[in-house]
Each structure stands twice: as structure tokens, then as C-alpha cells.
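Top to bottom, those sequences are chains A and B.
Using the working numbering, the first residue of the first sequence is number 1, and each one after it goes up by one.
Using the working numbering, the first residue of the second sequence is number 1001, and each one after it goes up by one.
Reading through the C-alpha cells given below for one structure.
There are 2 protein chains.
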Amino acid sequence: MTTSPRVRLDPETRRAQLLDLGVSLLATRSLEEMSIDVLAEHAGISRGLLYHYFGNKQDFHLAVVRRMVEDLYAATAPVDSDEVAVRLSVSLKNYLDFVVANRSAYESVRRAALGGTNPAMREAYEAGRSQLLDRIFDSATEEQLAAHGIVDTPATRLLTRGWGVLVEEVVLDWLADPRGIGEDELIASLTLGLGALLSVAPA
Amino acid sequence: MTTSPRVRLDPETRRAQLLDLGVSLLATRSLEEMSIDVLAEHAGISRGLLYHYFGNKQDFHLAVVRRMVEDLYAATAPVDSDEVAVRLSVSLKNYLDFVVANRSAYESVRRAALGGTNPAMREAYEAGRSQLLDRIFDSATEEQLAAHGIVDTPATRLLTRGWGVLVEEVVLDWLADPRGIGEDELIASLTLGLGALLSVAPA
């Protein structure tokens, strides 16, 4: 069994710590600029050990994308409420807080993943997005969805995926320039926006 | 005055022809794979002359993005109707037709532009998107917008930009898998979707 050179941690925990460090380093550099060398320097451990944990640079970048996707999924877990609108607005508030707290890293990972020089990174990002959006349907009963005006059909799933991308864009746009729109107003209009959008979906 | 080696055309026309050829070559290769060499081979002219028209590879890629953005803008020009919904649905139908006719090129340009290794390309793409979306407001009178439930505010402009990204994503997603949704249904729900979304915008 491998242990880290400084602290006795199991490899999984050590790897997770290194990924967290990797994500935090994205605050001041793009994902493209983040190499195993950069991480080795900041972690104070050898490049060789990092290659042991992450394989090559592409695999390391993929691991960073997956880590952020998992963190985002955990951060936006639905609260315990029968009201879809309540759950949605709390998840949106937590999503917004996550983006604010990790803004450079989030933008960098999102851009690199969607840029598509590495299809596996794009798939990891899009799979994470799909999981987040499918949870809206899968964590609620049919009755709870109906009370928010939502019917689960292929068309509403398609439009909900589109709404998810809209949320990402609008939140980043709003952070860059709030235009006098308050955070509560923003979250309310995104929450109500999903119901409004799905109300005009093909039956 | 420079002329092409084979056909007497003014430089602007020749450059535009070469860009069209460049866009069409994206049907079978990504923008990253499209070099001045590839274009020279297909155009049957020298690399030197192409460098004369386009400068370096990055400038050439930027010119391709701008060309597609301009083509898309022209293809989706609003028709002459007092009804915002009519104009919007015709523009959306023309947008969809454009994407279908240039699908590989469109996806390749969009991905490369949004991937952001070249900020000028992203800016060109996003400026084109903003122009398309601003036209919804700027080509209609206040009364025409109001009849479709649209008020022109910073919040509705912000959400309209988000809706534009939603349209791009939903159209590409639908083309990849129509899910039994008809084209008319898709266009109707995207058209009505904008009004529905803006109806819940902060005042």
C-alpha cells in the first residue's frame, strides 16, 4: 500500500486532497496552464508520485473536471420539501454560491470541457450537467412535479437541459454585470422560468 | 491591384470565396485541423497567396468564425410582419435550416470559439450571438414587443441572451436525437418559450 511522503493517508484520500488543491489552483490559471509540474510544486511532492496518482496530463485534467462536477452535484443537493419550486430555488442559490466561491476554476473547467479538444472532458462535464437536471425530475414525485406545472416527457427533458445551459450562461453573465438585478430576483426568475418554459413544451 | 492567379476577381470577392471554401471544408474536419495548407490544397493556389489574404492560421480561423457569424445573421433576418412571434418563428426556422445545412462546420466553429484558446474567436462568436438576440428587440417597436409580452429591460435582455444559448443547445440536441418531437413543435415551443421566460423576469 502506497502512502504519501509526508502524511499517512490512504491513497484515495490523498488523491482527493491533491485534486482539491488542483481545483483551487485554477483560481489563478486556466486548466490548459495547469500541469502536473505546477501541482507538484504547490503540493511539495514529486512529479513521479503525481503521475502515479493521475497518469498523464489529460487524465489529470479529466480528474479535475470530474471532481468539480461531483462537488457541484453535492453542493446543489435538493432540500427536503414537497414543493419543487422551493427545492429548485434552494439548489439554484447553492449553485450560485458555488460558482461565486470557485468562479475562476468553474469558468476555466467549463470552457476547457466545452471547448472539446478532449472529448472525455466534455462528456464528463455534460454527464454532470445531465445528472443535475435529471435530479429535478427523479427526486420528485409525479404529483409534486405536476403542482409546479411540470410533466415528465422527452420534450420537457430536452427543454430542461436547455434551461440548465441557460442558467449557467445567465449566472456567469449576471456575475460579470448584475445590471441592477438582485440575487433573489435572479433566482426567482430562473426558478419560475423553468415552469414557464415547460408550460409551452409540446404535449 | 492584385488578382487571383486563375480567375479575374477583386481581392475582396476572392477572399470571400476562399472563406466559403474554408467553411465548406469544415464539413469533414474540425477547425483545429483546418490549416492554411489544407485550404491551399483544395483551392489549388499557393500557400503564400493565402497568407497574403489571411495572415497567420489564427487570423484565418478568426475570419472563418466571422464569416459563419455573418452568414447566420443574414440567413435569419426578420421577415416583414407586425407579429414578433411570426418573425421569431421564421428566424428560428431559418436558423434551424442553416444549422442543418452546415451542421459539422457550425458545431466545429461553435466549439472552437467557445473553447476559448483564442479569446478573439470567442468574442467574435459571442458578438454575433448578441447581434442576433438584440435584433429581436431592435427590429420591433415597443408596442409590437408588448403584444408578445416582452418589455425591454436589462433583465429581459439578460434572459434573452440565456434563451439564445438555450436555443443553440436544444437545436443541436434535437438534431442528434429528435425524441419524436416534430420540427414545427420544436420551433413553436422555442418561440413561445421566449415570451414565457420573459414573463417571469424581474420588473
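Even for Gly, the Cβ is constructed at its ideal location relative to N, Cα and C.
For this session: Taking only the alpha-carbon atoms, compute the straight-line gap between T264/A and L92/A and give it to the nearest angstrom.
Result: Examination of residue 264/A is not possible in this model, given that chain A is present from 1 through 203 alone.
For this session: Give the residues of chain B in contact with D173/A, contact being defined as C-beta atoms less than 9 Å apart.
Result: Sequence index remark: in the first sequence, residue 173/A carries index 173 (1-based). Within chain B, the C-beta atoms nearer than 9 Å to that of D173/A come from L1158, R1161 and G1162, in chain order.
For this session: Taking S199/A as the query, report the chain B residues whose CB atoms sit under 7 Å from its CB, ordered along the chain.
Result: Here the question's residue 199/A lines up with position 199 in the first sequence. Here the neighbours are A1196.
Exercise. Whose C-alpha, out of S89/A, A147/A, A176/A and E168/A, is nearest the C-alpha of G128/A?
Worked result: What you label residue 128/A is simply residue 128 of the first sequence in a count that begins at 1. Checking every option, the nearest Cα to that of G128/A belongs to E168/A.
Exercise. In angstroms, rounded to a whole number, what distance separates the CA positions of I21/A and G44/A?
Worked result: Position 21 of the first sequence, counting from 1, holds the residue named residue 21/A. Position 44 of the first sequence, counting from 1, holds the residue named residue 44/A. A small fix is needed here, since residue 21/A is Leu in this sequence, not Ile. Cα-Cα distance, rounded: 11 Å.
For this session: For T1002/B, name the three-state secondary structure that DSSP assigns.
Result: The residue given as residue 1002/B occupies position 2 in the second sequence. Residue confidence is low: T1002/B scores 49 on pLDDT, short of 50, so the model does not pin down where it sits. No coordinate-derived value is stated.
Problem set entry | Inter-residue Cα distance where the pair is S35/A and G162/A | As a working note, residue 35/A is residue 35 in the first sequence. As a working note, residue 162/A is residue 162 in the first sequence. Take the alpha-carbon of S35/A and the one of G162/A: they are about 33 Å apart.
Problem set entry | Buried/exposed call for V1100/B, threshold 16 Cβ in 10 Å | By one-based count along the second sequence, residue 1100/B stands at place 100. Label assigned to V1100/B: exposed.
Exercise. Taking the C-alpha atoms as reference points, what is the distance between L1031/B and E41/A?
Worked result: On the second sequence, position 31 is the one that residue 1031/B refers to. On the first sequence, position 41 is the one that residue 41/A refers to. Straight-line Cα distance between these residues: approximately 35 Å.
For this session: Determine the closest residue to L1088/B out of E1143/B, L1018/B and G1195/B, with distance taken between C-alpha atoms.
Result: Within the second sequence, residue 1088/B is the residue found at index 88, counting from 1. For the options E1143/B, L1018/B and G1195/B, the alpha carbon positioned closest to that of L1088/B is the one of G1195/B.
For this session: Kindly give me the distance between the Cβ atoms of N1118/B and V1023/B, rounded to whole angstroms, as I take these residues to be in contact under 8 Å.
Result: By one-based count along the second sequence, residue 1118/B stands at place 118. By one-based count along the second sequence, residue 1023/B stands at place 23. Actually they do not touch by this definition, with Cβ atoms about 17 Å apart.
Exercise. So what's A226/A in DSSP terms, helix, strand or just coil?
Worked result: No answer is possible for residue 226/A: it lies beyond the span of chain A, which begins at 1 and ends at 203.
For this session: Please classify H1052/B: is it buried, with 16 or more other beta-carbons within 10 angstroms of its beta-carbon, or exposed?
Result: Within the second sequence, the letter at position 52 stands for residue 1052/B. If you draw a 10 Å sphere on the C-beta of H1052/B, you find fewer than 16 other C-beta atoms in it, and that means exposed.
For this session: Could you say if the stretch 172-191 of chain A and the stretch 1008-1019 of chain B meet the contact criterion of at least three C-beta pairs nearer than 8 Å?
Result: Between the stretch 172-191 of chain A and the stretch 1008-1019 of chain B, the count of Cβ pairs shorter than 8 Å is below three; the stretches do not touch.
Exercise. So the alpha helix (DSSP H) E1083/B belongs to, where does it begin and stop?
Worked result: Taking the second sequence and counting its residues from 1, the one referred to as residue 1083/B is at position 83. Here E1083/B belongs to no alpha helix (DSSP H), and DSSP marks it neither H nor E.
Problem set entry | Which of helix, strand or coil DSSP assigns to R14/A | Taking the first sequence and counting its residues from 1, one reaches residue 14/A at position 14. Of the three classes helix, strand and coil, the one that applies to R14/A here is helix, per DSSP.
Problem set entry | Sequence-distant residues of the same chain with beta carbon closer than 8 Å to L1175/B, five excluded per side | Here residue 1175/B refers to the residue found at position 175 when the second sequence is read from its first residue. Excluding positions up to five away in sequence, the list reads V1099, V1100 and R1103.
Problem set entry | Secondary structure of S1189/B, DSSP reduced to three states | The residue you call residue 1189/B lines up with position 189 of the second sequence. Residue state for S1189/B is assigned as helix, using DSSP reduced to three classes.
Exercise. Just the Cα atoms here: how many angstroms apart are H148/A and L197/A?
Worked result: Taking the first residue of the first sequence as position 1, residue 148/A is located at position 148. Taking the first residue of the first sequence as position 1, residue 197/A is located at position 197. Here the alpha carbons of L197/A and H148/A stand approximately 12 Å from one another.
Exercise. In the stretch 40-74 of chain A, which residues sit with their C-beta less than 7 Å from some C-beta in chain B, listed in chain order?
Worked result: Those would be none; no residue qualifies.
Exercise. Going by other Cβ atoms of all chains shown within 10 Å of its Cβ, with 16 needed for buried, is G1055/B buried or exposed?
Worked result: For the purposes of this step, residue 1055/B is taken as residue 55 along the second sequence, with counting starting at 1. Within a 10 Å sphere around the beta-carbon of G1055/B sit fewer than 16 other beta-carbons, which makes this residue exposed.
For this session: For the alpha helix (DSSP H) holding T1141/B, just list the boundary residues, first then last.
Result: Taking the second sequence and counting its residues from 1, the one referred to as residue 1141/B is at position 141. Per DSSP, T1141/B belongs to no alpha helix (DSSP H) and is neither H nor E.
Exercise. To which residues of the same chain is S81/A closer than 6 Å at the C-beta, ignoring the five residues directly before and after it?
Worked result: By 1-based counting over the first sequence, the position of residue 81/A is 81. Non-local beta-carbon contacts of S81/A in its own chain, meaning distances under 6 Å to residues more than five positions away in sequence, involve R87 in chain order.
Problem set entry | 7 Å Cβ cut-off: residues of chain A touching V1090/B | For the purposes of this step, residue 1090/B is identified with residue 90 of the second sequence, where counting begins at 1. By Cβ distance, chain A contributes nothing, its closest Cβ being about 18 Å from V1090/B, past 7 Å.
Problem set entry | Within chain B, partners of G115/A - CB distance below 8 Å | Taking the first residue of the first sequence as 1, we reach residue 115/A at position 115. Residues of chain B passing the Cβ test: R1111, A1112, L1114, G1115, G1116 and T1117.
Problem set entry | V1170/B vs V1109/B beta-carbon contact at 7 Å | Counted from its first residue, the second sequence places residue 1170/B at position 170. Counted from its first residue, the second sequence places residue 1109/B at position 109. Result no, Cβ atoms of V1170/B and V1109/B do not sit closer than 7 Å.
Exercise. For L1198/B, is the beta carbon positioned less than 6 Å from some heavy atom of the ligand COA?
Worked result: The ligand COA is not part of the structure shown, which contains no ligands of any sort.
Problem set entry | Contact set between A155/A and chain B, taken where Cβ atoms lie within less than 9 Å | Reading the first sequence from its first residue, position 155 is the one you call residue 155/A. Contact note: A155/A reaches chain B through R1179, G1180, I1181, E1185, L1186 and S1189, using a C-beta cutoff of 9 Å and chain order.
For this session: Please classify L26/A: does DSSP put it in a helix, a strand, or coil?
Result: Within the first sequence, residue 26/A is the residue found at index 26, counting from 1. DSSP places L26/A outside both helix and strand once states are collapsed to three, so it counts as coil.
Problem set entry | Assigned secondary structure, G55/A (DSSP; H/G/I helix, E/B strand, else coil) | By one-based count along the first sequence, residue 55/A stands at place 55. Coil at G55/A, not helix or strand.
Problem set entry | CA-to-CA distance, L1025/B to L1019/B, given in whole angstroms | Residue numbering aside, residue 1019/B sits at position 19 when the second sequence is read from its first letter. Residue numbering aside, residue 1025/B sits at position 25 when the second sequence is read from its first letter. Spanning the two alpha carbons is a distance of roughly 10 Å.
Exercise. Along chain A, which residues have their Cβ under 7 Å away from the Cβ of L1166/B?
Worked result: Along the second sequence, one-based indexing puts residue 1166/B at 166. Ordered by position in chain A, the residues that pass the 7 Å Cβ test against L1166/B are G162, W163, V165 and L166.
Exercise. Got a sec? Which residues, its chain only, sit under 8 Å from L1114/B by beta carbon, not counting five neighbours each side?
Worked result: Taking the first residue of the second sequence as position 1, residue 1114/B is located at position 114. The residues are R1122 and Y1125.
Problem set entry | Inter-residue spacing [alpha-carbon to alpha-carbon] between A85/A and Q144/A | Taking the first sequence and counting its residues from 1, one reaches residue 85/A at position 85. Taking the first sequence and counting its residues from 1, one reaches residue 144/A at position 144. Computed Cα separation, rounded: 10 Å.
Exercise. What's the gap between the Cα of V227/A and the Cα of D1010/B?
Worked result: Residue numbering for chain A in the displayed model covers 1 to 203; residue 227/A lies beyond these limits and cannot be assessed.
Exercise. So with Cβ pairs under 7 Å, would you call V38/A a contact of chain B?
Worked result: As a first step, residue 38/A must be located in the first sequence, where it is residue number 38. Chain B contact via Cβ: absent.
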